[in-house]
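J.: Residue numbers (the working numbering): -6 to 383. Even for Gly, the Cβ is constructed at its ideal location relative to N, Cα and C. Structure below; questions to follow.
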């Protein structure tokens, strides 16, 4: 199959698809956008001062792998957060946002053959970059349902033996987007044992790891610290943790061989963060005060949501992250009804999933992003509740 043919059957990306769905419909109230998870809480006030102090750095090419200071700051954060020591120079790669890493890691680390066509596993629903990365390397993407029955995490162990024997990579997002489910220590242990048995890598997308209610979710590096460090590749960023989606500071952390191969690819195909922004990231990764304040704001929103939707049949309070995954009869119908009746804009759950073996596990859900200020969020959610659930 040629490269263009691999992408010929991709559905439109979620947000252009949403625009088409709502085209011609007028909002039935003051618009409140709850579609995209773009943080709106304040980021640290001192960031602009750091940019100004290092503005001359915009005049030169930035270091491709990240400054030594940024790599050290990330390694120190990993040690504090996950209790795992990694070598800053050989086990950390600074990224221009984690989307770059989640995509390029498949290019750098997926073999061309593994008992035939390699398989890439991913939850369903999922971050669509996983599927595109799989297709880019000529692998077979397998969309594993993450439903209420499976705790909103994929049950990779239920897959047939022939699929597992061909598996090269398994993507896992914990806390999950869109459901807010958290992989338990038992879940991680089972997944790592499966990866050891069938010799595949785990790409752990942990971008929502710092938005939680009470206890910090266990990460893949913590769960796998006794194993070969090449088994897991961790991805995280400042986008959600620090409300800095526009800064584009992320990282990949793994064993030295994985990172070596990622660095080799990035030398040709990467876009390193401008030096002044790397200087900002060095400071932001080192500061936790703003993260705790951010988490408290989201906790207030999650608590309000629980109170409002607690009597809705099928509502499951998210354990972490900043999305609600609300059950509805049909996600597209509910989205159009909400927009035309109330002005509240949400995302149909099916746009985050994929039809696989006759069903899309997102069809009967809508995703609601809790990123708007509380004075917009409360009336918006209240209108949503009244419109959809009565």
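1. Within the same chain, show all residues whose beta-carbon is closer than 7 Å to that of residue 34, passing over the 5 residues directly before and after it, in chain order.
2. Under a three-way DSSP split, which group does residue 316 fall into?
3. Do residue 102 and residue 194 have their CB atoms nearer than 8 Å?
4. Which residues share a DSSP beta bridge with residue 26?
5. Compute the Euclidean distance between the alpha carbons of residue 125 and residue 254, then round it to the nearest angstrom.
6. Check whether the stretch 110 to 127 touches the stretch 162 to 177, taking contact to mean three or more Cβ pairs, one atom from each stretch, closer than 8 Å.
7. Measure the Cβ-Cβ separation of residue 156 and residue 147 and say whether it is below 8 Å.
8. Measure the alpha-carbon distance for residue 86 versus residue 268 and round it to whole angstroms.
9. Could you check what DSSP says for residue 244 in three-state terms: helix, strand or coil?
10. Do residue 275 and residue 68 have their C-beta atoms within less than 8 Å of each other?
11. For residue -3, does the three-state DSSP call read helix, strand or coil?
12. Verify the CB distance criterion: does residue 139 have a CB-CB separation below 8 Å to chain B?
13. Going by the CB atoms, is the gap between residue 302 and residue 364 shorter than 8 Å?
14. Does DSSP classify residue 296 as helix, strand or coil?
15. Can you tell me whether residue 204 is helix, strand or coil according to DSSP?
16. Measuring CB to CB, does residue 292 end up less than 8 Å from residue 376?
17. What's the call for residue 232, buried or exposed, on a 16-neighbour Cβ count within 10 Å?
18. Provide the residue(s) that pair with residue 115 in DSSP beta bridges, ordered along the chain.
19. Can you give me the Cβ contacts of residue 132 inside the same chain, cut-off strictly under 8 Å, excluding the 5 residues immediately before and after it?
20. Could you give the DSSP three-state label for residue 264: helix, strand or coil?
21. If I follow the unbroken alpha helix (DSSP H) through residue 379, where does it start and stop?
22. Tell me the rounded alpha-carbon separation between residue 328 and residue 21.
23. Kindly list the residues whose CB is nearer than 8 Å to the CB of residue 309, restricted to its own chain and excluding five residues on each side of it in sequence; keep chain order.
24. Who pairs with residue 230 in a beta bridge, going by DSSP?
25. At which residues does the beta strand (DSSP E) containing residue 194 begin and terminate?
26. With residue 158 as the anchor, note down where its alpha helix (DSSP H) starts and where it stops.
27. Count the CB pairs spanning the stretch 34 to 43 and the stretch 233 to 252 that are closer than 8 Å, and state whether there are at least three.
28. Determine whether the beta carbon atoms of residue 358 and residue 324 lie at a separation below 8 Å.
29. Taking residue 96 as the reference, which of 196, 326, 225 and 355 has the closest Cα?
30. Helix, strand or coil for residue 57? Go by DSSP, reduced to three states.
31. Quick check: what's the CA-CA separation for residue 75 versus residue 227?
32. Could you give the first and the last residue of the continuous beta strand (DSSP E) run that contains residue 87?
33. My output table needs one value for residue 257: the three-state DSSP class, helix, strand or coil.
34. Alpha carbons only, please: which of 342, 380 and 362 is nearest the one belonging to residue 139?
35. Could you spell out the range, first to last residue, of the alpha helix (DSSP H) harbouring residue 180?
36. Would residue -5 be called buried (16 or more neighbouring beta carbons within 10 Å of its own) or exposed?
T.: Quick look at the numbers:
1. 236, 287 and 290
2. Residue 316 falls in the strand class under three-state DSSP.
3. Yes; because the gap between Cβ atoms is below 8 Å, this pair is in contact.
4. 338
5. Roughly 20 Å separates the two Cα atoms.
6. yes
7. no
8. 15 Å
9. strand
10. Here residue 275 is not near residue 68, since their CB atoms are 8 Å or more apart.
11. helix
12. Structure shown: chain B not included; a single protein chain is present.
13. no
14. helix
15. coil
16. no
17. buried
18. 136
19. 99, 103, 110, 111, 112, 113, 161 and 162
20. coil
21. Counting along the chain, residue 379 sits inside the alpha helix (DSSP H) bounded by residues 367 to 382.
22. One C-alpha to the other measures close to 12 Å.
23. 141, 145, 172 and 318
24. Beta-bridge pairing by DSSP links residue 230 to 243.
25. 194 to 198
26. 154 to 159
27. yes
28. In this structure, residue 324 lies closer than 8 Å to residue 358 by Cβ.
29. 196
30. coil
31. 11 Å
32. 85 to 89
33. Residue 257 falls in the helix class under three-state DSSP.
34. 342
35. 178 to 191
36. exposed
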